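Enquirer: Quick one: the structure is below, questions incoming.
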Amino acid sequence: MAAKPTIGVLALQGAFVEHEDYLRRSGALPVEVRLPEQLDEIDGLILPGGESTTIGKLLRRFGFEEPLRKFEKPIWGTCAGMILLSKEILGGLPDQLALDRIDLRVTRNAFGRQVDSFTAQLELSNLEEPIPAVFIRAPLAQPLSDRVEILAEVDGQVAAARQQNVWVSSFHPELSGDLRLHKAFVASCRTGET
Ligand code: GLN
Numbered sequence: 003m004a005a006k007p008t009i010g011v012l013a014l015q016g017a018f019v020e021h022e023d024y025l026r027r028s029g030a031l032p033v034e035v036r037l038p039e040q041l042d043e044i045d046g047l048i049l050p051g052g053e054s055t056t057i058g059k060l061l062r063r064f065g066f067e068e069p070l071r072k073f074e075k076p077i078w079g080t081c082a083g084m085i086l087l088s089k090e091i092l093g094g095l096p097d098q099l100a101l102d103r104i105d106l107r108v109t110r111n112a113f114g115r116q117v118d119s120f121t122a123q124l125e126l127s128n129l130e131e132p133i134p135a136v137f138i139r140a141p142l143a144q145p146l147s148d149r150v151e152i153l154a155e156v157d158g159q160v161a162a163a164r165q166q167n168v169w170v171s172s173f174h175p176e177l178s179g180d181l182r183l184h185k186a187f188v189a190s191c192r193t194g195e196t
């Protein structure tokens, strides 16, 4: 078997430890990324859930903005990470960081006003069986172009999508108890394909 891919998990704030565990169990070598120089040493990157305003400020402070706009390897944003990778963000600060890596418009904290968090059995077009998807103050998301391949929807909103090698999910796959999405991401980092 090919060498284990080294996959970075942005470790400035949020749920990065759980992603590391899932990556390890999916056959990858996880690395906590705290400096832009580390982007040269990884085969792919996960931007975890957390608070997108806080993570965005820290990304700017540590000089990640331009390197992440140019990062060519596979990148996967989950929840707050999805918000950061989107083209347009509603419900954020006026200067909230939007890395514009996927043609989505997201609205923060707008999912389910009655319930902030919920779990749904989610059908994804790239998985045979549904995945138990945990949504925690998830963003609403709508595609802005047909370059976005929608993998799953909840209530007419994008729950998982892909644009070339940029993956996003509005839920927390690292809390699902299911390794299939991490395994698929690790495989794409290994081959360099989507
Ligand atoms: N509500 C958070 C935000 O807007 C995202 C929540 C999460 O990542 N679970 O950044």
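Numbering (this note's numbering), first residue to last: 3 to 196.
Glycine included, every Cβ here is placed at the ideal spot set by N, Cα and C.
Bear in mind that the values here come from a model prediction, so they are computed numbers and not experimental data.
Pull up the distance between the alpha-carbon of Ala-82 and that of Glu-43, whole angstroms please.
Expert: Cα-Cα distance, rounded: 24 Å.
Enquirer: What are the residues that DSSP puts in a beta bridge with Pro-145?
Expert: BP columns for Pro-145 point to Leu-106.
Enquirer: The beta strand (DSSP E) spanning Ile-48 covers which residue range?
Expert: Per DSSP, Ile-48 belongs to the beta strand (DSSP E) from 46 to 49.
Enquirer: Given Val-11, which residues of its chain have a CB within under 8 Å of its CB, disregarding the five upstream and five downstream residues?
Expert: These residues qualify, in order along the chain: Phe-18, His-21, Glu-22, Leu-25, Pro-32, Val-33, Glu-34, Val-35, Leu-47, Ile-48 and Pro-50.
Enquirer: Pull up the DSSP beta-bridge partners for Pro-134, would you.
Expert: In DSSP, Pro-134 forms a bridge with Gln-123.
Enquirer: Going by the CB atoms, is the gap between Pro-134 and Ser-178 shorter than 7 Å?
Expert: Against a cut-off of 7 Å, the Cβ pair of Pro-134 and Ser-178 comes out as a contact.
Enquirer: Measuring only from the beta carbon, is Gly-51 closer than 6 Å to any heavy atom that is part of the ligand GLN?
Expert: True, at least one ligand heavy atom lies under 6 Å from that Cβ.
Enquirer: Per DSSP, Gln-40 is paired with what?
Expert: DSSP output for Gln-40 lists no bridge partner at all.
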